[in-house]
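Below is one structure, written out as structure tokens, with a few remarks after it.
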Amino acid sequence: MTIYDIAEKAGVSASTVSRIINNKPGVKAETREKIKKLLEEYNYTPDENARGLVKKATKLIGILLADIRNDHHSALAYVVERKLREYGYCSIILNAGYEPEMMVESIQVLEQRKVEGIILVGSTFQNAVVEKKLKESMLNIPVVLANGHLDLPNVYGILVDEISGVRQLVELLYAKGKRNIAFIASLGTLSSYRKLQGYEEGLKKYNLLEQKVIIEVGMEKEAGYTGCKKLLERYPYIDGIICAEDLMAVGAIRFLNESNIKIPEQIAVSGINNSIYGESCYPSITTLDNKMPETGLMAAETLIESLNGIDRPHKIMLFPTIIEREST
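Per our numbering, residue 104 is the first one in the sequence shown, and the count goes up by one each step.
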């Protein structure tokens with residue numbers, strides 16, 4: 104059922120039906136009511152693509168993730184998509200990969216789809232290649248980077264102070280009597296290096312920097328397990344472990360349980376992200392809540408306000424909190 108079919112049944116022009124659909128004045132009350140009943144009877148839905156062409160607005164927002172299988176990032180994208188939908192926007196969610204060239208290809212896809220705004224999920228998008236692409240072809244639309252920032256006039260960064268957060272984790276383990284604290288992480292993103300900086304600052308506070316132990320692992324699911332195994336083979340005296348992700352902490356705890364090492368009496372373990380993994384693990388995992396839902400909501404609201412011409416700060420910092428559970 105098209106606008107022309109409705110117009111024919113009502114005995115009016117298509118432009119008259121269009122005025123009713125768009126709540127425009129200049130139509131008699133009797134005619135307006137008649138057309139509304141027909142629209143309801145035939146469950147008429149306006150063609151948003153056609154309306155977008157007329158208004159030069161697509162109501163499309165692009166959301167890029169490096170890997171949608173990353174639970175933390177996909178959970179953030181979920182919050183963003185739901186909030187954008189409340190404002191009448193449809194989201195295009197793409198796996199952009201971890202290589203900058205693939206990220207640029209994904210941005211080009213969004214450019215071709217004429218999106219009105221972009222949200223980049225994760226600090227991995229904070230790189231020179233992405234910045235160059237946005238500067239060359241996307242300066243006319245707002246871009247929000249969740250947990251990162253790019254120095255461009257149309258880019259807004261929602262950041263989490265992971266440095267102070269991980270520093271607080273070190274302080275917590277120190278207060279529990281732990282003096283040989285290791286850090287297990289998959290390094291490579293700016294977020295991971297901020298966490299590493301927080302770990303080192305925490306050790307420095309207690310004059311433990313010379314005793315730092317860093318185990319670098321990959322992104323695979325078993326990274327925490329193999330990382331913990333490698334850690335204790337090399338440094339059997341470790342009594343505290345900070346994992347850069349909750350999922351890594353789950354793997355580390357599985358290895359400790361299999362090795363009959365008491366948690367937290369012999370070794371305390373903490374994670375980062377405040378994910379469901381930490382709650383369902385045994386023992387449950389102390390974690391750094393890096394404010395994922397708040398970051399997602401703020402990213403969506405910042406984008407909407409920018410689209411509506413409302414001035415927003417180009418950098419917003421959120422502060423994480425520790426959720427203490429059984430593992431410490």
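Just so you know, even glycine gets a beta-carbon here, dropped at the ideal spot from N, CA and C.
Report the partner residues of residue i according to the DSSP bridge assignment.
i: Phe286; result: Ile317 and Ile345
i: Lys418; result: Gly260
i: Ala44; result: Here the chain has residues from 104 to 431 only, and residue 44 is not among them.
i: Thr431; result: Per DSSP, none; premise fails for Thr431.
i: Ile218; result: It is Val, not Ile, that sits at residue 218 in the sequence shown. For Val218, which the question treats as bridged, DSSP gives no partner whatsoever.
i: Asn198; result: Leu168
i: Asp392; result: Thr424
i: Ala249; result: Val224 and Ile261
Would you call residue i buried or exposed, if buried means 16 or more other Cβ atoms sit within 10 Å of its Cβ?
i: Cys384; result: buried
i: Phe286; result: buried
i: Tyr302; result: buried
i: Ile413; result: exposed
i: Phe358; result: buried
i: Ser378; result: buried
i: Tyr201; result: exposed
i: Leu312; result: exposed
i: Ile381; result: Per the sequence shown, the amino acid found at residue 381 is Gly instead of Ile. The residue is buried, with at least 16 neighbouring Cβ atoms inside 10 Å.
i: Gln229; result: buried
i: Lys281; result: buried
i: Pro423; result: buried
In whole angstroms, give me the CA-to-CA distance for residue i and residue j.
i: Leu306; j: Lys298; result: 13 Å
i: Arg122; j: Val130; result: 8 Å
i: Pro339; j: Glu348; result: 22 Å
i: Arg188; j: Leu242; result: 24 Å
i: Gly268; j: Glu208; result: 34 Å
i: Ile366; j: Ser430; result: 6 Å
i: Leu156; j: Lys217; result: For Leu156, the pLDDT reaches just 46, beneath the cut-off of 50, and the residue's location in the model is therefore unreliable, leaving the point undetermined.
i: Asn126; j: Met351; result: 54 Å
i: Val246; j: Gly260; result: 9 Å
i: Arg270; j: Pro256; result: 32 Å
i: Tyr107; j: Asn198; result: 40 Å
Assuming residue i and residue j make a contact with CB atoms under 8 Å, what is their CB distance in whole Å?
i: Glu323; j: Ser294; result: Going by Cβ atoms, the distance from Glu323 to Ser294 rounds to 18 Å, so no, they are not a contact pair.
i: Asn250; j: Val258; result: Rounded, the Cβ-Cβ distance is 13 Å, inconsistent with contact.
i: Ala326; j: Gly291; result: Not a contact, Cβ separation roughly 13 Å.
i: Gly399; j: Val182; result: 3 Å
i: Lys137; j: Ala110; result: At roughly 11 Å, the Cβ-Cβ gap does not stay under 8 Å, so Lys137 and Ala110 are not in contact.
i: Ile345; j: Leu272; result: 5 Å
Under 7 Å between C-beta atoms, does residue i make it to chain E?
i: Asn257; result: Absent from the structure: chain E. Only one protein chain is present.
inquiry  = Restricting to runs no shorter than 3 residues, where is the beta strand (DSSP E) found entirely within the region 114–193?
reply    = Every beta strand (DSSP E) of 3 residues or more that sits fully in the region 114–193 is shown, in chain order, as 163–168.
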